Structures are given as structure tokens and as C-alpha cells.
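Colleague: Sharing a structure, written as C-alpha cells. Questions coming.
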Amino acid sequence: MKYTTTFVALAVALFPSVLGHGFLASVEIDGKVYQGNNPDFVQSPSQQIDSPIRLVDMINPVKGATNPAVNCGSNAAKAKLVAEANPGSNIAFNWSGGSSQHWPHRVGPLITYLASCGDTTCDQYDPKDAQWFKIDQQGQKPDNLGDWASNDLNLGKSVNVKIPEATPPGNYLIRHEIVALHVATAQGGAEFYPSCTQVEIGQGNGQSVQPSETVSFPGAYSDSDPGIFVPTIFDPVKDYQFPGPPISNVVGGTGSSVP
């Protein structure tokens, strides 16, 4: 087993291009699909399709937890559209490999955050000072610790995330990321694939609450965090620790209510 683990880790480290990388191809909000742009195929603004997904300039990963690009992706550009959503809306994220194949990486968590764009619409918002709160995290399957949520993307499936019922109405960026851990046996090896989607969230039917714990990107993660530097990643990882803050109080609907 030790030989196999070492061999696999070495092979992945030496031949990452064989596995390829990718991008957020589309989001579906309550049944309405918004397509994204493939960074490899867009050479000028005239080639872009209108989308609420901010376009990054490469399909390669962001390396380093303190890299400014962990915010919304490498040189992420403001998108033209702002999608509509509501508290309780289901969002399906569909990731693609760079050559329009299925997502290539099978090991690592999927994590989703929200950040308010304040009084401006998110197509005008600069997220460098955004305050993010975590609404979802998906890692290993409970019945098979070797099977990660990211493997579903490799099988061509989408990942579904619900906007918390207690989310205050307003303009938000949704930061949905994959943290690929196939080379996380070395510190600094983890690959970050952040994405940002612009939405306007309407008024819900229940009481809205303010998020009690927010973080910044970069700043929320460190390359030495247990969920980012995982020397035993190719063995069944017990008690995996997700990076970043805990799930926000907004998900449970507890805390200070919005006036």
C-alpha cells in the first residue's frame, strides 16, 4: 500500500498536464441555466457570451493560499449579467475540463461562500475587500472515505448548493471553489479553482439574519492548513478538516436578525 501511494503521488506530481485543468462551465439557478465562457476559447471581449460568471484568464489552477487570485480566480473580470435568485434557491454548478471534457480531478472538497456587494450591483463590484461567509462544504462520502464530492464532477454530474433561507436580500457574489488535493502531499501543492458568480437575492419568506463570521480572500487559508496540506491524501483520510471558517450561522437561521 505504501508503495502504491508513493507511486501515485509521484506520477501525479510529475505529469499534472496529463490530468488537465478546467473552469466553471455553467450555473443553473432554479432551473434557469447560465453558461460561462471557456478561458481557452475567448481571446477578446467580442467573443464572450453574456454571463453572470466572472471570466478568468486561464484554466490552470491558482497556486498558493495567499495568492491574490484565490479571491475569484486569475484576473477574474466583471461579468455582464446578474442572475436572479432567492433564499432557498438551488444552484447547480457544472464544471468542465479545459477541452470540454468532464472535470479531471477527483480528490478534494467543494466549498461555497457568499459575499455582499453592498449598495452596488455585482457587475460593478470589486471583491478585493469582500467579506465572505461559508454556506456549503462537500468532501468525502460518508460511506466511502476514498470517494470525494469532486469525483461526481469527474463523472459529469453537477454539484448542488442551496442558498440559505435566512440570507438577507441584496446583491451577492457566490464564490464556489474546488480545492484539488492530488498534489497536496507537499506544502503548497494544493490547487485552487475559485469561481465567482454575480447574483441578486430577493426577499425570503422568513426572517433574515446577519452572518456572524466572515473571512477575506486571500487570508482565509494557509498553505499549512490541515485541509490544504494533506501528506496522507492517497490513504483513506479520517476526520478531514475543511479549510476556512465553519458553516455560517445564516445556514441555520440563527443570530442577529436583519431590521
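Mature numbering (1 follows the signal peptide of the UniProt record, and there is no 0) puts the sequence shown at residues -20 to -1, 1 to 239. Glycine residues also receive a C-beta, built at the ideal position from the N, C-alpha and C atoms. What you are looking at is a predicted structure, and each value in this text was computed from that prediction instead of being measured.
#1: With distances taken from CA atoms, which of TYR14, LEU35 and GLN15 is nearest SER24?
#2: Please list, in chain order, all residues of the same chain as ALA72 whose beta carbon is under 6 Å from its beta carbon, the five residues on each side excluded.
#3: Grab the span of the alpha helix (DSSP H) containing GLY232 for me, first residue to last.
#4: Using only CA atoms, which one of ILE181, TYR220, ASN40 and ASP205 lies nearest to ASN66?
#5: Three or more beta-carbon pairs under 8 Å between the segment 115 to 130 and the segment 54 to 63, yes or no?
#6: Buried or exposed for PRO41, please, with buried defined as at least 16 other CB atoms from any protein chain shown within 10 angstroms of its CB.
#7: If I follow the unbroken alpha helix (DSSP H) through ASN134, where does it start and stop?
#8: Using the Cβ count rule (16 or more neighbours within 10 Å means buried), how would you classify VAL13?
#9: To the nearest angstrom, how far is it from the Cα of GLN178 to the Cα of SER26?
#10: Residues in the same chain with beta-carbon distance under 6 Å from LYS60, minus the five sequence neighbours each way, listed in chain order, please.
#11: In chain order, what residues of the same chain have a beta carbon less than 6 Å from the beta carbon of CYS102, not counting five sequence neighbours either side?
#12: With which residues is LYS142 paired in a DSSP beta bridge?
#13: Could you give the distance in angstroms between the alpha-carbon of ILE39 and the alpha-carbon of GLY232?
#14: Locate the beta strand (DSSP E) running through PHE7, then write down its first and last residues.
#15: Can you list, in chain order, the stretches of the beta strand (DSSP E) that have 3 or more residues and sit fully within the segment 152 to 193?
#16: Helix, strand or coil for GLN120? Go by DSSP, reduced to three states.
Modeller: A quick look at the data gives this:
#1: Translated into the one-based positions of the sequence shown, residue 24 becomes position 44. Nearest Cα to SER24 within the set TYR14, LEU35 and GLN15: LEU35.
#2: Locating residue 72 in the sequence shown gives position 92, counting from the first residue. Around ALA72: GLU8, SER138 and ASN140.
#3: Position 252 of the sequence shown holds residue 232. According to the DSSP assignment, GLY232 belongs to the alpha helix (DSSP H) that extends over 229 to 232.
#4: For this step, residue 66 is matched to residue 86 along the sequence shown. Here the closest residue by C-alpha is ILE181.
#5: No, because fewer than three Cβ pairs between the segment 115 to 130 and the segment 54 to 63 fall closer than 8 Å, the two stretches do not touch.
#6: Within the sequence shown, residue 41 is the residue found at index 61, counting from 1. A residue is called buried when at least 16 other Cβ atoms come within 10 angstroms of its Cβ; PRO41 meets this threshold and is buried.
#7: Position 154 of the sequence shown holds residue 134. Note, ASN134: alpha helix (DSSP H), 129 to 134.
#8: For this step, residue 13 is matched to residue 33 along the sequence shown. VAL13 comes out exposed.
#9: Residue mapping note: residue 178 aligns to position 198 of the sequence shown, counting from 1. Residue mapping note: residue 26 aligns to position 46 of the sequence shown, counting from 1. Going by the C-alpha atoms only, they are around 20 Å apart.
#10: As a working mapping, residue 60 is identified with position 80 in the sequence shown. The answer, listed in chain order, is ASP30.
#11: Numbered from its first residue, the sequence shown carries residue 102 at position 122. Taking C-beta separations shorter than 6 Å and ignoring five residues to either side along the sequence, the partners of CYS102 in its chain run VAL62, ASN151, LEU153 and GLN178, following chain order.
#12: As a first step, residue 142 must be located in the sequence shown, where it is residue number 162. LYS142 pairs with ASN70.
#13: Walking along the sequence shown from the start, residue 39 turns up at place 59. Walking along the sequence shown from the start, residue 232 turns up at place 252. Put simply, the backbone Cα of ILE39 is about 35 Å away from that of GLY232.
#14: Residue numbering aside, residue 7 sits at position 27 when the sequence shown is read from its first letter. Residue identity differs from the one stated: residue 7 is Val in this sequence, not Phe. For VAL7, the enclosing beta strand (DSSP E) stretches over residues 2 to 9.
#15: At a cut-off of 3 residues, the continuous stretches assigned as beta strand (DSSP E) that sit fully inside the segment 152 to 193 are 171 to 181.
#16: What you label residue 120 is simply residue 140 of the sequence shown in a count that begins at 1. Under the three-state reduction of DSSP output, GLN120 falls in the strand class.
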